Amino acid sequence: MIRMKKTKQPGDNISLKTKKTEDPLVMQWLNSQTNLMDSLRYLIEREIVQNGVRNLQVFVPVERSVLQGSAAMPQEIAYVPHAVGNHESAAAVEDTTGSRDDQQPGRQPELEPEPPTEEEIDDDDIEAWI
-6 MIRMKKTKQP GDNISLKTKK TEDPLVMQWL NSQTNLMDSL RYLIEREIVQ
44 NGVRNLQVFV PVERSVLQGS AAMPQEIAYV PHAVGNHESA AAVEDTTGSR
94 DDQQPGRQPE LEPEPPTEEE IDDDDIEAWI
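Residues -6 to 123 in this note's numbering are what the sequence shown lists, from first letter to last.
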């Protein structure tokens, strides 16, 4: 019997789990966020603006070497020491990556951070981890 994926509703909890082999830069990024959910929401909003609503997994390669192959492009990935709440660090990263056509300075919305909430884990989340 095939179980249908539960449709998420506004206010529902989602659970994420890092891989045991997660790239150190991914872990650094995660640990640098003062509000992880708001940061992820921002990235999702940018994806929707650029590409619409789609199943991104269709476009994600099973094996990725973008960060693992970073020796070939060290100037594109800036290592910034973990500094929670340090907006200057974020500005330094933006300065080192150069300007991109899809960035619109001054047009980023000011979002109020949400208070941290206790995450609930449901059966669908556990099945996704297995």
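Backbone N, C-alpha and C define an ideal beta-carbon position, used for all residues, glycine too. As the structure is a computational prediction, the values presented were derived from the model and not from experiment.
Chain B within 7 Å of residue i, Cβ atoms only
i	result
residue 41	As a matter of chain content, chain B is missing from the structure shown, which is built from one protein chain.
Cβ distance (whole Å) where residue i is taken to contact residue j below 8 Å
i	j	result
residue 1	residue 7	7 Å
residue 60	residue 16	4 Å
Neighbour-count burial assignment, residue i, 16 or more Cβ in a 10 Å radius
i	result
residue 124	With the chain covering only -6 through 123, there is no way to say anything about residue 124.
residue 55	exposed
Straight-line Cα distance separating residue j from residue i
i	j	result
residue 10	residue 41	23 Å
residue 32	residue 26	7 Å
residue 88	residue 35	The predicted model places residue 88 with a pLDDT of 43, which falls under 50 and marks its position as unreliable; any figure quoted below should be read in that light. Rounded to the nearest angstrom, the two C-alpha atoms are 20 Å apart.
residue 127	residue 43	No answer is possible for residue 127: it lies beyond the span of the chain, which begins at -6 and ends at 123.
residue 19	residue 28	15 Å
residue 23	residue 30	10 Å
residue 45	residue 37	10 Å
Heavy atom of the ligand ATP within 6 Å of residue i beta-carbon
i	result
residue 39	Absence of the ligand ATP is noted for the structure shown, with no ligands found whatsoever.
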